[in-house]
Amino acid sequence: MFSARIPWSASRRLLLVHRPIPFFPLRRCLSTNRLDPLIRHFAADLALKQPTFRVPSHCIRILSEPAQFYDLLLDMIQRAQHRIFISSLYIGSTESELLSSIDKALRIKPHLKVHFQLDLNRSTRPGPSSTAKILLPLLREFPSRVHVSMFRSPSLRGIFAKLVPPRFNEGWGTWHAKVYGADDEVMISGANLSKSYFTDRQDRYLHFSSQPALSQYCFDFLKTVSTFSYRLLPVMPTSLGRHSYTQDDYTLHWPDPQTHPHEIQQRAETLLKEFQKTYLDKSKSVSERLSTRNCIDATLFPLIQAGQINIHEEEMTFQLLFRLLKSLKNAHRPLLDLTSGYFSLYKPYQDLILSSPGVDCRIVAASPKANGFFGSNGISGRIPEGYTLYEQRFMKAVKKAGRLWKGTSGDAGKGVSLSEWAKQGWTYHAKGIWLSPSSSSLPVLTLFGSTNLNSRSAHLDTELSFLMLIPSEASGDHETKPSPNLPLRKALAQEVDRIRSHTVHWKGEERKVRFTTKIIVWLVKGML
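So, in structure tokens, the structure goes:
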């Protein structure tokens with residue numbers, strides 16, 4: 001199997017399906033009898049389609065603040081013994097402490113290896129402080145122990161690939177997965193690695209400790225993507241290779257001379273689907289042996305969404321969830337909380353929500369000032385206004401469907417509500433969903449990771465998210481024995497409450513969207 005002791009080089013580019021996956025039987029089972037009836041059949045159906053991982057609730061920590069995320073990330077780096085793996089859109093130009101901590105760890109621990117998976121266009125923007133350039137010292141100092149891969153979206157190709165300038169080329173899709181791992185622990189977030197994400201940009205952060213199977217899955221996922229990504233090198237190799245190129249003082253080496261970087265769709269689709277199938281088969285074989293176990297661990301389903309290479313696991317999961325929610329006859333109305341820092345809800349998701357009158361939905365979007373593009377120069381400065389336009393269209397559809405929120409407040413009622421998040425001096429980047437059996441009960445399901453739940457996430461960016469289901473019962477006599485998962489469910493409810501504590505009723509209907517902004521939104525279509 002792949003391990004941190006195997007160099008991540010082009011010479012070892014073998015399909016993961018040809019390597020054994022670690023077997024961790026005590027962490028998996030398919031028993032759903034402890035799940036809430038609301039999601040019991042959904043869990044059983046999804047387990048037939050997606051890999052599963054079982055995690056005891058005491059190994060799951062939900063962080064609430066950017067500073068906590070940063071401190072824990074540094075701590076994970078300091079404690080790592082064998083491997084560090086980092087997946088992000090980019091690394092900020094001022095993150096000297098983060099890179100210094102990695103450098104120090106490599107110097108102290110000679111067997112430690114570090115793997116980065118980043119977005120090529122975002123990480124190679126012109127200038128002296130691009131991500132590629134600030135990583136060069138690590139690559140020069142530890143050439144056999146630091147590996148940097150950079151994914152380039154195949155959506156931008158042909159003559160447009162030459163004509164579209166830097167920064168704008170990111171509009172055709174990016175590498176968007178946010179995974180931070182060290183040895184057998186992993187943290188899943190939507191946050192990138194730059195100052196604002198460590199100080200005043202709100203996101204979500206879930207940390208999983210002592211989870212070798214889950215950690216190995218994330219590591220192998222990044223390894224798979226590296227086989228159709230550029231590799232960053234500090235010097236020009238003696239033989240540059242087909243499709244490789246030099247830029248400034250570094251080289252971007254293409255690992256597969258037989259496949260053009262603009263035409264990776266079929267190969268990437270095959271590799272990722274085979275990767276998921278390998279882990280799915282392992283999940284099923286373990287489940288069959290353990291199906292009679294009374295498992296009370298939380299269940300995680302990894303979901304890859306990469307529409308540009310024909311992978312739609314997130315979409316499939318949403319459709320499956322809502323189909324089963326619609327079919328249930330519940331005494332109580334399920335409550336779905338949904339949030340996105342870039343709220344332009346993917347049309348199929350919008351249709352599912354609006355066509356489910358038995359499910360109430362509370363949505364939190366970023367206020368214009370909490371949008372990360374607020375105050376930007378040029379066209380980027382119009383982006384918050386563009387999201388206001390999408391919100392107006394959404395609320396118009398809600399009204400047309402007869403689903404406008406009815407109740408005494410934004411927390412008590414039924415229908416679909418939209419609130420906006422605002423905190424002085426902060427921006428908003430959180431995303432995900434929480435599902436509760438009723439408005440008065442704790443969540444039993446959450447979706448977290450990199451997806452913004454919009455058209456861009458569905459079709460252009462490459463996303464990795466996780467769906468987590470939490471059992472609501474501990475045993476047959478659950479009335480006298482509280483569930484060990486109660487603290488986790490409470491933590492999820494508190495996460496929702498913290499987000500909603502900084503919201504006000506949506507004011508977008510009062511805002512004017514300029515005609516030129518409407519034209520821009522029409523031109524870029526699903527890029528927002």
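150 is the number that our numbering gives to position 150 of the sequence shown; each next residue is one higher, with no gaps. Just so you know, even glycine gets a beta-carbon here, dropped at the ideal spot from N, CA and C.
Within its own chain, the residues whose Cβ lies closer than 7 Å to the Cβ of residue 132, once the five positions on either side in sequence are excluded, are 123, 124, 232, 250, listed in chain order.
For residue 212, the closest C-alpha among the options 228, 186, 230, 193 is that of 186. Where residue 395 is concerned, the enclosing alpha helix (DSSP H) starts and stops at 383–400.
Here the stretch 83–102 does not lie against the stretch 201–208, with fewer than 3 beta-carbon pairs under 8 Å apart. Remark: three or more beta-carbon pairs, one from each stretch, lie closer than 8 Å, so the stretch 492–511 and the stretch 434–445 are flagged as touching. DSSP lists 208 as the bridge partner or partners of residue 60. Taking a contact as a CB-CB distance under 8 Å, the pair residue 256 and residue 275 does not count as one, their CB atoms being some 16 Å apart. DSSP places residue 96 inside the alpha helix (DSSP H), whose first and last residues are 96–108. For residue 41, the enclosing alpha helix (DSSP H) stretches over residues 37–47. DSSP, read as helix, strand or coil, puts residue 181 in strand. The beta carbon of residue 362 sits closer than 6 Å to those of 337, 417, all from its chain and outside the five residues before and after it, given in chain order.
By the CB criterion at 8 Å, residue 450 and residue 241 fall outside the cutoff.
Using a Cβ distance threshold of 8 Å, residue 457 and residue 319 do not count as a contacting pair. Here residue 117 is not near residue 235, since their CB atoms are 8 Å or more apart.
For a cut-off of 8 Å, the C-beta gap from residue 427 to residue 365 is around 13 Å, too long to register as a contact. In this structure, the beta-carbon distance from residue 310 to residue 269 falls below 8 Å.
Annotated as distal: residue 509 and residue 350, with beta-carbon spacing of 8 Å or more. Look at residue 235 here: in three-state DSSP terms it is coil, with no helix or strand label. Apart from sequence neighbours up to five positions away, the residues of its chain that approach residue 504 with a beta-carbon distance below 7 Å are 419, 420, 422, ordered along the chain. Excluding residues up to 5 positions away in sequence, 66 lie with their Cβ nearer than 6 Å to the Cβ of residue 199 in the same chain.
The DSSP-derived three-state label of residue 123 is helix.
In the DSSP assignment, residue 66 falls within the unbroken alpha helix (DSSP H) covering 66–79. For residue 441, the three-state secondary structure derived from DSSP is coil. Of the other Cβ atoms in all chains shown, 16 or more fall within 10 Å of the Cβ of residue 253; this residue is therefore buried. Using a Cβ distance threshold of 8 Å, residue 367 and residue 431 do not count as a contacting pair.
With a threshold of 16 other beta carbon atoms within 10 Å, residue 402 falls short and is exposed. In the structure shown, the three-state DSSP call for residue 351 is helix. Look at residue 337 here: in three-state DSSP terms it is strand.
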